[in-house]
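Take a look at the structure set out below.
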Amino acid sequence: MPNCIERGCVPIHAGVAAVLLCALAACSGTGSNGSAPGAKGGKKGGGGDVPVTVAVAATKNVPVEVQVIGHVEAYATISVKAQVTGELMNAHFQEGDYVKKNDLLFNIDSRPLQAALNQAIANVAHDQAALGQSQANLARDAAQAQYADASANRYAQLFQEKVVSRDQTEQFRTTAAAANQAVEADKAAIESAKAAIGASQATVENAKVQLSYTDMKSPLDGRLGSFTVKPGNVVMANSVELCTINQIEPIYVTFGVPESQLPAIKQYMAEGKLPVRAAPQDDNNAPAENGALTFVDNSVDMTTGTITLKGTFPNTDRRLWPGQYVRVTLRLTTQPNATTVPNEAVMTGQNGSYIYVVKPDRSVDTRNVVAGARVGQDMVIQTGLRPGETVVTDRKSTRLNSSHLGI
3 MPNCIERGCV PIHAGVAAVL LCALAACSGT GSNGSAPGAK GGKKGGGGDV
53 PVTVAVAATK NVPVEVQVIG HVEAYATISV KAQVTGELMN AHFQEGDYVK
103 KNDLLFNIDS RPLQAALNQA IANVAHDQAA LGQSQANLAR DAAQAQYADA
153 SANRYAQLFQ EKVVSRDQTE QFRTTAAAAN QAVEADKAAI ESAKAAIGAS
203 QATVENAKVQ LSYTDMKSPL DGRLGSFTVK PGNVVMANSV ELCTINQIEP
253 IYVTFGVPES QLPAIKQYMA EGKLPVRAAP QDDNNAPAEN GALTFVDNSV
303 DMTTGTITLK GTFPNTDRRL WPGQYVRVTL RLTTQPNATT VPNEAVMTGQ
353 NGSYIYVVKP DRSVDTRNVV AGARVGQDMV IQTGLRPGET VVTDRKSTRL
403 NSSHLGI
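3 is the number of the first residue of the sequence shown in the working numbering; add one for each residue after it.
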């Protein structure tokens, strides 16, 4: 029977099978004539070929990956609270709806705050009128002070000429000084009026801000949670959470890896972004979501010996859900030209991993190997096997032969 190219059956020489049977009889002592149960007599070279399933060791580019369990985490979570006190009037969305940034979510009764705004605007007008009056007073008093200064100077000259008395001169000087002080008072009144206008305008701006809080808008794109307060209830400022908004496009997947993987992760991160795949934990047939590693925590958890990582996923189809557990695969690099065999070809004995290799004369040879990562249905063989060699994959046959060999 000819060998198969990839997988198939190949007969093992009867002489080899007889030797294996004799080895089993010697180990188990099942008969005085040296034959084991099921052997076709003890004749040398007797019997036919033993068929086994085989496969050819192949060469592949094998991804080097870390597989763990992680959980999905919202990219951002916002707690929606009222910033002013008042009656909750309307809810413009239903629980669980998707909202866009700046969409109107709730209304709070705006009438008290609108009245406060109107009063603040009126106060600004009042203060502006007061400023105008102070400016008019300044103009009047400045003119009077100018006349008083001129009269005082004239009477001072007349006093020098001994035309008027000292008393008259002092009287005009006092009147001029009073007029000048009135001018200074008017200037102070103008500055006070300007300051009052500034304070009133600030009150107006604050009232506008408070009024704007009556329209509660979404700060981001996301999905609404359940409403804890229904319209008609009075809400207090910054006290009760009305609902939460989870941003799920994009979304995080958080997972932990052993600290022993950290040097390799840092090494390959320096070469570029590392791809991450996430698939539902309980659905092996569901397609995986593709993302990229975007966060490595700044410390190792001493209690578990792991470090937290996060991958960012576009999640445009919204299949990943906050709080969901997923199977995470972090690809570090790709190992080129790796030797692979089917998983079932590799067995474990007292001395480690081994396989059965079919030699050119169609006899079977046991060979110790060093197994690497498992990739799907294949196993990477790091040392002990060359590409193109034929290996036995039939577990039933190999268990029989290994029993004969005493492994």
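All residues carry an ideal CB built from backbone N, CA and C; glycine is no exception.
Distance between proline 344 and serine 355 (C-alpha atoms, nearest Å): Serine 355 and proline 344 have their C-alpha atoms some 14 Å from each other.
C-alpha gap between methionine 271 and valine 64, whole angstroms: If I take the Cα positions, the gap works out to 19 Å.
Residues near lysine 102 by beta carbon distance below 8 Å, same chain, minus five either side: Closer than 8 Å at Cβ, skipping near neighbours: Ser220 and Asp223.
The segment 156 to 168 / the segment 92 to 111 touching (three or more Cβ pairs under 8 Å): These segments do not touch.
Euclidean distance between Cα positions of glutamate 193 and valine 126: One C-alpha to the other measures close to 15 Å.
Cβ-heavy atom distance, valine 54 to the ligand MN, below 7 Å: This structure lacks the ligand MN, and indeed carries no ligand of any kind.
Per-residue DSSP class, three states only, for glycine 43: For glycine 43, the pLDDT reaches just 37, beneath the cut-off of 50, and the residue's location in the model is therefore unreliable, although a value from the coordinates is still provided. Glycine 43 falls in the coil class under three-state DSSP.
Pairwise C-alpha distance: aspartate 111 and glutamine 188: Looking at the sequence itself, residue 188 is aspartate, so the reference to glutamine does not match. Rounded to the nearest angstrom, the two C-alpha atoms are 44 Å apart.
With 16 other Cβ atoms within 10 Å as the buried cut-off, status of aspartate 143: Buried, since its Cβ has 16 or more Cβ neighbours within 10 Å.
Contact check, tyrosine 77 vs proline 252, beta carbons under 8 Å: Against a cut-off of 8 Å, the Cβ pair of proline 252 and tyrosine 77 comes out as a contact.
Proximity below 8 Å, CB of leucine 322 to CB of valine 74: Contact flag set, yes.
Tyrosine 215 to valine 231 span [Cα, whole Å]: C-alpha separation (whole angstroms): 17 Å.
Residue environment, glutamine 379, which counts as buried when at least 16 other CB atoms sit within 10 Å: Exposed: under 16 other Cβ atoms inside 10 Å.
C-beta contact flag for aspartate 325 and alanine 294 at 8 Å: Before going further, note that residue 325 is glycine rather than aspartate in the sequence given. Not closer than 8 Å, so no.
Whether isoleucine 247 touches arginine 225 by CB criterion (8 Å): The answer is yes: Cβ separation under 8 Å.
Same chain only: Cβ atoms within 7 Å of aspartate 129, ignoring 5 sequence neighbours per side: Spatial neighbours of aspartate 129 in its own chain (CB-CB distance under 7 Å, excluding positions within 5 residues in sequence) are listed in chain order as Ala195, Ala198, Ile199 and Ser202.
Segment limits, alpha helix (DSSP H) that includes serine 202: Serine 202 -> alpha helix (DSSP H) spans 168 to 214.
Backbone CA spacing between glutamine 352 and glutamate 261 [nearest angstrom]: Distance between the alpha carbons of glutamine 352 and glutamate 261: 30 Å.
Start and end residues, beta strand (DSSP E) containing valine 126: Not the beta strand (DSSP E): valine 126 falls in the alpha helix (DSSP H), residues 113 to 162.
Beta-carbon contacts of methionine 238 that lie in its chain and below 6 Å, excluding the five residues immediately before and after: Cβ within range, chain order: Thr87.
Cα-Cα separation between valine 377 and asparagine 300, rounded to whole angstroms: Roughly 31 Å between the two C-alpha positions.
Distance CB(alanine 465)-CB(alanine 117) smaller than 8 Å: Lying outside 3 to 409, the shown extent of the chain, residue 465 is not represented and no answer is given.
Length of the line joining the Cα atoms of asparagine 317 and tyrosine 254: Cα to Cα, asparagine 317 sits roughly 9 Å from tyrosine 254.
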